[in-house]
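This report refers to the structure that appears directly beneath it.
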Amino acid sequence: MQRPHRVVVLVLDGARPLDVGIPAEVFHPETGFPYEVSACGVTAGTVSSHGHFGFTVPRGLDALDDADTVIVPGYVPVGRPLPDEVREALRGAASRGARVASICYGAFALADAGLLDGLRATTHWDAAELLAQRHPRVTVEPNVLFVDEGAVLTSAGAAAGLDLCLHIVRRDLGVSPATEIARGLVTAPYRTGGQAQYLPTARAAVQGETLAATREWALAHLDQPLTVAGLAAHARLSSRTFLRRFTEETGSTPMRWILRARVDAARELLESTRLSVDRIAERVGLGTGSNLRLHFRRLLDVSPSEYRATFSGRD
Numbered sequence: 001m002q003r004p005h006r007v008v009v010l011v012l013d014g015a016r017p018l019d020v021g022i023p024a025e026v027f028h029p030e031t032g033f034p035y036e037v038s039a040c041g042v043t044a045g046t047v048s049s050h051g052h053f054g055f056t057v058p059r060g061l062d063a064l065d066d067a068d069t070v071i072v073p074g075y076v077p078v079g080r081p082l083p084d085e086v087r088e089a090l091r092g093a094a095s096r097g098a099r100v101a102s103i104c105y106g107a108f109a110l111a112d113a114g115l116l117d118g119l120r121a122t123t124h125w126d127a128a129e130l131l132a133q134r135h136p137r138v139t140v141e142p143n144v145l146f147v148d149e150g151a152v153l154t155s156a157g158a159a160a161g162l163d164l165c166l167h168i169v170r171r172d173l174g175v176s177p178a179t180e181i182a183r184g185l186v187t188a189p190y191r192t193g194g195q196a197q198y199l200p201t202a203r204a205a206v207q208g209e210t211l212a213a214t215r216e217w218a219l220a221h222l223d224q225p226l227t228v229a230g231l232a233a234h235a236r237l238s239s240r241t242f243l244r245r246f247t248e249e250t251g252s253t254p255m256r257w258i259l260r261a262r263v264d265a266a267r268e269l270l271e272s273t274r275l276s277v278d279r280i281a282e283r284v285g286l287g288t289g290s291n292l293r294l295h296f297r298r299l300l301d302v303s304p305s306e307y308r309a310t311f312s313g314r315d
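Numbering (our numbering), first residue to last: 1 to 315.
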């Protein structure tokens with residue numbers, strides 16, 4: 001029997017409790033998926049955290065030696081220098097082939113270890129400028145939820161860590177397991193990495209001024225023709241106002257967002273059914289199999305048949 005994928009959460013002094021809890025919940029073995037999650041610190045024992053909490057960790061940095069994925073939660077003060085032994089342990093894990101990820105201010109640890117040099121990365125919007133100043137070899141993207149650079153991933157603040165962890169599950173196991181975990185956590189199963197962080201604006205949004213209901217309606221009608229005008233009518237807005245608000249809320253145009261939703265719906269059908277590619281294309285509103293293949297290859301860099309061979313029938 002294949003051993004579980006080992007996820008190790010590196011809890012540094014001043015760790016933010018929510019950032020620590022997110023991977024603990026997503027990768028917990030009780031989800032029924034092949035993950036094993038544990039926490040470590042610089043040394044075994046008690047680690048102080050932000051907000052007068054504390055964590056008891058059973059292992060020190062040696063835990064990174066056999067980790068498949070290392071996740072560094074955010075910590076305060078923001079951007080403080082890493083202890084040399086932490087820097088070397090992160091470098092060692094990465095050079096050994098472990099996947100390394102950060103949540104929120106944890107990006108500063110990856111940057112301090114040199115793991116983000118030459119890559120794109122993100123962090124909480126309020127620290128993005130500081131990250132760019134401190135680490136000019138990193139291309140900081142302040143307006144996104146998370147950035148996937150393959151073996152190194154970073155997320156924005158707080159709840160964006162949940163989006164990142166669910167994205168990792170989708171990468172490892174496919175859409176259906178990630179959706180099941182999200183359902184158990186009572187959260188949206190999918191927000192794209194390119195979706196905008198909720199940055200402060202000069203004028204606070206009026207309560208209830210959201211397009212979430214229209215997005216839910218669109219997801220339920222992907223097999224039908226969807227246009228900006230039709231979506232705007234559902235939201236009871238002019239097309240111009242709808243387009244502006246939709247882009248502000250999601251970081252994407254409506255039609256780009258719908259295309260991604262259709263491809264993701266196709267992914268789930270490829271995993272869970274034996275429907276033909278042509279039939280799946282019809283059911284998700286992409287019309288023809290060739291159209292589905294085109295967008296699938298463009299967005300995921302694999303064909304539908306390759307994706308099905310990888311993810312269908314997984315436990």
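The beta carbon of each residue, even a glycine, is placed where N, CA and C say it ideally should be.
{"Item": "Sequence-distant residues of the same chain with beta carbon closer than 8 Å to residue 76, five excluded per side", "Value": "14, 16, 50, 105"}
{"Item": "Local Cβ density within 10 Å of residue 23, reported as buried at 16 or more and exposed below that", "Value": "buried"}
{"Item": "Candidates 302, 278, 300, 301: closest to residue 291 by CA position", "Value": "278"}
{"Item": "Residue 174 - DSSP class collapsed to helix/strand/coil", "Value": "coil"}
{"Item": "CB of residue 310 within 8 Å of CB of residue 181, strictly", "Value": "no"}
{"Item": "Burial state of residue 65, where buried means 16 or more other Cβ atoms lie within 10 Å", "Value": "exposed"}
{"Item": "Sequence-distant residues of the same chain with beta carbon closer than 7 Å to residue 118, five excluded per side", "Value": "137"}
{"Item": "Extent of the continuous beta strand (DSSP E) to which residue 146 belongs", "Value": "146 to 148"}
{"Item": "Supposed contact pair residue 155 and residue 163 - C-beta distance, whole angstroms, cut 8 Å", "Value": "7 Å"}
{"Item": "Nearest candidate by alpha-carbon position, reference residue 58, set 264, 305, 11", "Value": "11"}
{"Item": "C-alpha distance - residue 62 paired with residue 102, whole-angstrom precision", "Value": "19 Å"}
{"Item": "Residue 120 and residue 141 closer than 8 Å at C-beta", "Value": "yes"}
{"Item": "Nonlocal neighbours in the same chain, by C-beta distance under 8 Å from residue 97, ignoring five residues either side", "Value": "151"}
{"Item": "Local conformation of residue 324 per DSSP, three classes", "Value": "Residue numbering for the chain in the displayed model covers 1 to 315; residue 324 lies beyond these limits and cannot be assessed."}
{"Item": "DSSP state of residue 290 mapped onto helix, strand, coil", "Value": "helix"}
{"Item": "Helix, strand or coil at residue 331 [DSSP, three-state]", "Value": "Because the chain spans 1 through 315 in this model, residue 331 falls outside it and cannot be assessed."}
{"Item": "Through-space distance from residue 283 to residue 269, alpha-carbon basis", "Value": "9 Å"}
{"Item": "Start-end ranges of the alpha helix (DSSP H) lying completely within the stretch 260 to 312, minimum 4 residues", "Value": "277 to 283, 289 to 300, 304 to 311"}
{"Item": "Which listed residue (94, 111, 214) has its alpha carbon closest to that of residue 82", "Value": "111"}
{"Item": "Own chain partners of residue 46 with C-beta closer than 6 Å, once the 5 adjacent residues on each side are dropped", "Value": "54, 56"}
{"Item": "Residue 302 burial status per 10 Å Cβ neighbour count (16 or more: buried)", "Value": "exposed"}
{"Item": "Neighbour-count burial assignment, residue 52, 16 or more Cβ in a 10 Å radius", "Value": "exposed"}
{"Item": "Host beta strand (DSSP E) of residue 71 (start-end)", "Value": "69 to 72"}
{"Item": "Alpha carbon of residue 242 to alpha carbon of residue 68, nearest angstrom", "Value": "43 Å"}
{"Item": "Every unbroken beta strand (DSSP E) inside the stretch 28 to 103 [3 residues or more]", "Value": "35 to 40, 45 to 48, 54 to 57, 69 to 72, 99 to 102"}
{"Item": "8 Å contact criterion, which residue 42 and residue 21 should meet: CB distance rounded", "Value": "The Cβ separation is near 20 Å, so there is no contact."}
{"Item": "Of the residues 113, 28, 260, the one placed nearest residue 219, counting alpha carbons only", "Value": "260"}
{"Item": "Status (buried if at least 16 other CB within 10 Å, exposed otherwise) for residue 186", "Value": "exposed"}
{"Item": "Separation of residue 238 from residue 27, as counted between CA atoms", "Value": "43 Å"}
{"Item": "Inter-residue spacing [alpha-carbon to alpha-carbon] between residue 79 and residue 72", "Value": "13 Å"}
{"Item": "Buried versus exposed call for residue 215 [16 or more other C-beta atoms within 10 Å across all chains shown]", "Value": "buried"}
{"Item": "Three-state class that DSSP yields for residue 162 in the structure shown", "Value": "helix"}
{"Item": "Cβ-based burial, residue 113 [other Cβ within 10 Å; buried from 16]", "Value": "buried"}
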